[in-house]
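*Asks:*
Protein chains in written order, with my numbering: chain A, 1228 to 1488; chain B, -4 to 253.
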């Protein structure tokens, strides 16, 4: 079943101070099936974050449109949860209050909010930290809270923009397993932007490779590795084969991008 | 021994802070008791204390202090009631900012003290005139500083709130205001300090009570001890209000100090 349709979407940013306009994203088509975990892989400047922001409604496409469940997206909304690369927890709210933010905005009853918040605190392993301020948390814990905050709204699709990019390797690996575990249980539709090849393969049921300048989709690869997955899979021959292939794809792009500078 | 940004202990910090006060008074005592400065121009510390005591006991100076505090707070609270909401609106909504900002920027540079003669014409020499001086001196400053603070709310926080389903008024009320509340409190603390300079100026001209009035009276009597006592009282009140503001901030915004 089709969940999300990206239909001929492009984005051109106007030139700065009379400069030439910059095309960040060439007209792009992508169809996302329900319950799919899609990673969008590409070097920096390939327009992958721009594409994600357009789906979130935080940016407008220059051409084309995005449809979620057949409805055209015109702005941000609670049906598309988003986790950012930067730490975006509200510093004046505790962990529990942060997770409750979206539910409060919708005016859900307090008892229901408490119940949902408690269940997500449990799912992301933050029991005992409900009343901590974001400042008191490590980067990994902040991003876990951010994931819980986005999921608490029960969005149709979860958008993640390099959410583990600022974390150290060990923490990142744990976070990938946590996120995948949640997805394996709840089967949300997920769009996950990253420039890390291993991360892209490990999480995805489908990897979209993007090329830079101008951004466009270059390859579309199904990942048929079995679930549940754990970190050991990263050393399996199938995983390595996929990694070798994507490394080749990305390398060409990185070389091209580097040559332009 | 002195290394850039090297922190010091709480005890050493307090000891150093107090020692400069002591040095200052010692220098003052040396200049006055040593006969290097004529008592006509500068009273010695003991005379200042004796003058202060007599002011408090015999001349009802406590009432003057009370009147001055009342004026500062009255004018300041009025200014804050007008300026904080307007500043928030300007920071949040660009058309409102475009409408008010040029005028407020211009008005900010009008010296409040220069309005005193005009205000005396309009409002007489009663309390209204004093409150208006403080009001004019504070309101434009608060508006602009609050607008800048709210306008520079972290964009990613606003975007996160949008993706969580917040609407425009929700963004202002539940993101922009709480995100900037500590900054707004800090702005109020700063401007309250400036309001203290305006009130004294307002009281120097056409007033029959208040610390400023006592100071101008004492000048006629060449009572420099009283003048210095009055100035020190203002300093002390400033110190206390600063302390109260900081304590209130700690209590109101625990997330900042966690």
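For glycine and all other residues, C-beta sits at the position ideal for the given N, C-alpha and C.
1. Mapping DSSP to helix, strand and coil, what is residue 1254 (chain A)?
2. If you count every other CB in all the chains shown that lies within 10 Å of the CB of residue 144 (chain B), and 16 or more means buried, which is it?
3. Given a threshold of 16 other Cβ atoms within 10 Å of its Cβ, counted over all protein chains shown, does residue 175 (chain B) qualify as buried or as exposed?
4. Return the residue from the list A:1468, A:1450 and A:1437 that minimises the CA-CA distance to residue 1267 (chain A).
5. Start and end of the alpha helix (DSSP H) containing residue 241 (chain B)?
6. What does the alpha-carbon distance come out to for the pair residue 1447 (chain A) and residue 1433 (chain A)?
7. Does the distance from the CB of residue 254 (chain B) to the CB of residue 170 (chain B) come in under 9 angstroms?
8. Pick out whichever of A:1352, A:1477, A:1238 and A:1443 has its Cα sitting closest to the Cα of residue 1401 (chain A).
9. In the DSSP assignment, find the unbroken alpha helix (DSSP H) run with residue 1398 (chain A) in it and report its ends.
10. Excluding the 5 residues flanking residue 1394 (chain A) on each side, which residues of the same chain have their C-beta closer than 6 angstroms to its C-beta?
11. Anything in chain B within Cβ reach of residue 1362 (chain A), meaning under 7 angstroms, just list it in chain order.
12. If we count Cβ pairs, one from each stretch, closer than 8 angstroms, do we get three or more for the segment 97 to 107 of chain B versus the segment 36 to 53 of chain B?
13. Return helix, strand or coil for residue 94 (chain B), following the three-state DSSP convention.
14. With distances taken Cα to Cα, identify the nearest neighbour of residue 1481 (chain A) among A:1313, A:1328, A:1440 and A:1419.
15. Taking 9 angstroms as the CB-CB cut-off, is residue 1309 (chain A) touching chain B?
16. Note down, in chain order, every chain B residue with its Cβ under 9 angstroms from the Cβ of residue 1335 (chain A).
17. Evaluate residue 85 (chain B) with the Cβ neighbour count: other Cβ atoms within 10 Å of its Cβ, from every protein chain shown; 16 or more gives buried, anything less gives exposed.
18. With a Cβ-Cβ cutoff of 9 angstroms, do residue 232 (chain B) and residue 210 (chain B) count as a contact?
19. Heavy atom of the ligand FMN less than 8 angstroms from the Cβ of residue 236 (chain B), yes or no?
20. From residue 153 (chain B) to residue 1369 (chain A), what does the alpha carbon distance come to, in whole angstroms?
21. Examine chain B for any beta-carbon lying closer than 9 angstroms to the beta-carbon of residue 1372 (chain A), and answer yes or no.
22. Of all the alpha helix (DSSP H) runs that stay within the bounds of the segment 1271 to 1321 of chain A, which reach a length of 4 or more residues?
23. Assuming residue 1318 (chain A) contacts residue 1362 (chain A) (C-beta within less than 8 angstroms), just tell me the rounded distance between them.
24. Buried or exposed: where does residue 22 (chain B) fall if 16 or more other Cβ atoms within 10 Å of its Cβ makes it buried?
25. Excluding sequence positions up to five away, which residues of its chain have a Cβ less than 7 angstroms from the Cβ of residue 1305 (chain A)?
26. Give every residue of the same chain whose Cβ lies closer than 8 angstroms to the Cβ of residue 1371 (chain A), excluding the five residues on either side of it in the sequence, and list them in chain order.
27. List the residues of chain B whose Cβ lies closer than 7 angstroms to the Cβ of residue 1323 (chain A), in chain order.
28. Alpha carbon to alpha carbon, how far is residue 120 (chain B) from residue 49 (chain B)? Give it in angstroms, no decimals.
29. Is it true that the segment 178 to 194 of chain B meets the segment 223 to 240 of chain B, where meeting means three or more beta-carbon pairs spaced less than 8 angstroms apart?
30. Kindly confirm or deny that the segment 242 to 253 of chain B and the segment 176 to 186 of chain B touch, where touching means at least three C-beta pairs closer than 8 angstroms.
31. Looking at the C-beta of residue 161 (chain B), does it have a partner C-beta in chain A at a distance below 9 angstroms?
32. For residue 1396 (chain A), count the other beta carbons within 10 Å of its own beta carbon; 16 or more makes it buried, fewer makes it exposed. Which is it?
33. Against chain A, does residue 157 (chain B) count as a neighbour if the rule is that its beta carbon must be under 9 angstroms from one of theirs?
34. Among B:187, B:92, B:66 and B:58, which has the Cα closest to the Cα of residue 238 (chain B)?
35. Could you tell me which residues DSSP pairs with residue 20 (chain B) in its beta bridges?
36. Among A:1231, A:1409 and A:1461, which residue has its Cα nearest to the Cα of residue 1298 (chain A)?
*Replies:* For this structure:
1. Three-state result, residue 1254 (chain A): strand.
2. buried
3. buried
4. A:1437
5. 219 to 247
6. 7 angstroms
7. An answer regarding residue 254 (chain B) cannot be provided, because it is not within the stretch -4 to 253 covered by chain B.
8. A:1352
9. 1396 to 1413
10. 1366 and 1367
11. 250 and 253
12. no
13. helix
14. A:1440
15. Interface residue, yes.
16. Near residue 1335 (chain A) there are no residues of chain B at all, since even the closest Cβ is about 11 angstroms away, more than 9 angstroms.
17. buried
18. no
19. Because no ligand of any kind appears in the structure shown, any question about the ligand FMN cannot be addressed here.
20. 17 angstroms
21. no
22. 1275 to 1283
23. 6 angstroms
24. Residue 22 (chain B) is exposed by the Cβ-count criterion.
25. 1329, 1333, 1380 and 1382
26. 1351, 1352, 1353, 1402 and 1405
27. What residue 1323 (chain A) touches in chain B: nothing, since even the nearest Cβ is about 13 angstroms away.
28. 28 angstroms
29. yes
30. yes
31. Judged by the 9 angstroms Cβ criterion, residue 161 (chain B) is in contact with chain A.
32. exposed
33. yes
34. B:187
35. Residue 20 (chain B) is not bridged to any residue.
36. A:1231
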